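*Asks:* The structure that follows is given in the form of structure tokens.
Number of protein chains: 2
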Amino acid sequence: MYERKIPLSLNCGLDLIGEVLYGKWKIRLLWFINEGFMRPSELQRKIPDASRRVLNMQLKELEEHELISRKIYPVVPPKVEYSLTEFGNTLIPVISALGQWGDDHEEHLRTVITKRLEK
Amino acid sequence: MYERKIPLSLNCGLDLIGEVLYGKWKIRLLWFINEGFMRPSELQRKIPDASRRVLNMQLKELEEHELISRKIYPVVPPKVEYSLTEFGNTLIPVISALGQWGDDHEEHLRTVITKRLEK
DNA sequence: ACAATAGGGGATAAATTTATCCCTATCTGA
DNA sequence: TCAGATAGGGATAAATTTATCCCCTATTGT
């Protein structure tokens, strides 16, 4: 794996949650898994903008952080299912709050984001 | 500025909030501004791990996204104060929820983060 | 005269994260 | 027999974000 050169700062709760949620697709992965899309191929279809490789990597990190667990069915063709751990479940209300805020302010957000990009 | 080559995905509320909060120090900046540390030099002292330059850049982005506003006092030496906009204020409960979750699970988080780094 | 403080920003390097490409394996259906 | 689905990963390139270095203005204190 990549060996970090700049040490992490893990001083407060915000640092800690950032460490496990930071990653372009992680929050969405947790969200979709919570909604019942548990197989890697389903998740890839739900998030077509992400490459297969990156989703695998981020799923692995979520698993190492014990937010999700991975169950392998010994069948052919292979079948794998992810599910939220108990710990991962406690994060759902927080993610929900994030999404809700984004939805509540969708119009304004689109405006300011677009405005900034055009400069 | 840097010209983006990969288009953003702004499909849902989670994408939108991600766009304005993604940045190593942004959440903390909002938090400290909310706590009353409004001057650039104060913020730099509160977040010593960040370089001055990066804080300025992230503050500028927060301002362009209309989460904070910047007031310049025409005095010498210069004085600048940031404050949350009304819009930025609506984000505080969300950030609070993030920090609270991190605090509530601090011990477990430290364990899993450290464990993963040691591999 | 000189350092320190206040606020800012250009140029460039380094770090980190994502994307791309290619390869592995087995079974099902046309 | 060939295409497609299923799941995964190594090697490497590209994109993006952060860090570092240096420079500017003007005032106050030593």
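Protein sequence lines correspond, in order, to chains C and W. If you read the first sequence in the numbering used here, its first letter stands for residue 23, the second for the next number, and so on. If you read the second sequence in the numbering used here, its first letter stands for residue 23, the second for the next number, and so on. We put the beta carbon where it would ideally sit given N, CA and C, even for glycine. Note that the coordinates shown come from a computational prediction; the quantities given were computed from them, not determined experimentally.
#1: Straight-line CA distance for ILE135 (chain W) to GLU86 (chain C)?
#2: Do three or more CB pairs link the region 35 to 51 of chain W to the region 69 to 80 of chain W at distances below 8 Å?
#3: Keeping to the same chain, check which residues put their C-beta closer than 6 Å to that of GLU129 (chain W); ignore five residues upstream and five downstream.
#4: Give the range of the beta strand (DSSP E) segment to which ILE94 (chain C) is assigned.
#5: Quick check on GLU41 (chain C): buried or exposed, where buried means 16 or more other Cβ atoms within 10 Å of its Cβ?
#6: Around the C-beta of VAL98 (chain C), are 16 or more other C-beta atoms found within 10 angstroms, so that it is buried, or is it exposed?
#7: What do you reckon, are the CB atoms on LEU120 (chain W) and ILE55 (chain C) nearer than 8 Å?
#8: Determine the contact status of LEU139 (chain W) and GLY124 (chain C), defining contact as a CB-CB distance below 8 Å.
#9: Cβ of PHE109 (chain W) less than 8 Å from any chain C Cβ?
#10: Is there a C-beta anywhere in chain C that falls below 8 Å from the one on LEU52 (chain W)?
#11: Quick one: is GLU41 (chain C) near chain W, going by C-beta distance under 8 Å?
#12: Between the Cα of SER105 (chain W) and those of W:ARG61, W:LEU32, W:SER118 and W:PRO29, spot the shortest distance and give me the residue it belongs to.
#13: In this structure, what does DSSP give as the bridge partners for TYR104 (chain C)?
#14: Mind checking the region 117 to 136 of chain W against chain C and listing, in chain order, the residues whose C-beta falls within less than 8 Å of any C-beta there?
#15: Using a 10 Å radius around the Cβ and a threshold of 16 neighbouring Cβ atoms, would you call ILE90 (chain C) buried or exposed?
#16: So for GLU57 (chain C), helix, strand or coil by DSSP?
#17: Using a cut-off of 8 Å between C-beta atoms, extract the partners of ILE49 (chain C) located in chain W.
#18: If you reduce the DSSP assignment to three classes, tell me which class PRO62 (chain W) lands in.
#19: Find the residues of chain C that neighbour ARG74 (chain W), judging by a C-beta separation of less than 9 Å, and give them in chain order.
*Replies:* So, from the data block:
#1: Looking up residue 135 (chain W) in the second sequence gives position 113. Looking up residue 86 (chain C) in the first sequence gives position 64. Answer to the nearest angstrom: the Cα atoms are 8 Å apart.
#2: Taking 8 Å as the limit for Cβ pairs, the verdict is that the region 69 to 80 of chain W does touch the region 35 to 51 of chain W.
#3: Locating residue 129 (chain W) in the second sequence gives position 107, counting from the first residue. Correct list: empty, nothing qualifies.
#4: Taking the first residue of the first sequence as position 1, residue 94 (chain C) is located at position 72. Per DSSP, the unbroken beta strand (DSSP E) holding ILE94 (chain C) starts and ends at 90 to 95.
#5: The residue given as residue 41 (chain C) occupies position 19 in the first sequence. GLU41 (chain C) should be labelled buried.
#6: Your numbering for residue 98 (chain C) matches position 76 in the first sequence. With fewer than 16 other Cβ atoms within 10 Å, it is exposed.
#7: The residue labelled residue 120 (chain W) in the question sits at position 98 within the second sequence. The residue labelled residue 55 (chain C) in the question sits at position 33 within the first sequence. At a Cβ-Cβ threshold of 8 Å, LEU120 (chain W) and ILE55 (chain C) do not count as neighbours.
#8: By one-based count along the second sequence, residue 139 (chain W) stands at place 117. By one-based count along the first sequence, residue 124 (chain C) stands at place 102. 8 Å or more divides the Cβ of LEU139 (chain W) from the Cβ of GLY124 (chain C).
#9: Translated into the one-based positions of the second sequence, residue 109 (chain W) becomes position 87. Interface criterion met: the Cβ of PHE109 (chain W) is under 8 Å from a Cβ in chain C.
#10: Translated into the one-based positions of the second sequence, residue 52 (chain W) becomes position 30. At a cut-off of 8 Å, the C-beta of LEU52 (chain W) has no neighbouring C-beta in chain C.
#11: Sequence index remark: in the first sequence, residue 41 (chain C) carries index 19 (1-based). Yes, its Cβ sits closer than 8 Å to a Cβ of chain W.
#12: The residue given as residue 105 (chain W) occupies position 83 in the second sequence. Looking at the Cα atoms, W:ARG61 is the closest of the given residues.
#13: The count along the first sequence starts at 1 and reaches residue 104 (chain C) at position 82. In the DSSP output, where bridge partners are listed per residue, TYR104 (chain C) has C:ARG92.
#14: Those would be ILE117, ALA119, LEU120, GLY121, GLN122, TRP123, GLY124, ASP125, ASP126, HIS127, GLU128, HIS130, LEU131, ARG132, VAL134 and ILE135, in chain order.
#15: As a working note, residue 90 (chain C) is residue 68 in the first sequence. Around the C-beta of ILE90 (chain C), 16 or more other C-beta atoms lie within 10 Å, and the residue is accordingly described as buried.
#16: Taking the first sequence and counting its residues from 1, one reaches residue 57 (chain C) at position 35. Reduced to three states, the DSSP call for GLU57 (chain C) is helix.
#17: Residue 49 (chain C) sits at position 27 when you count from the first residue of the first sequence. In chain order: LEU36 and GLY40.
#18: If you number the second sequence from 1, residue 62 (chain W) lands on position 40. DSSP places PRO62 (chain W) in helix when its eight states are reduced to three.
#19: For the purposes of this step, residue 74 (chain W) is taken as residue 52 along the second sequence, with counting starting at 1. Taking a Cβ-Cβ cut-off of 9 Å, ARG74 (chain W) has no neighbours in chain C, whose nearest Cβ is about 16 Å from it.
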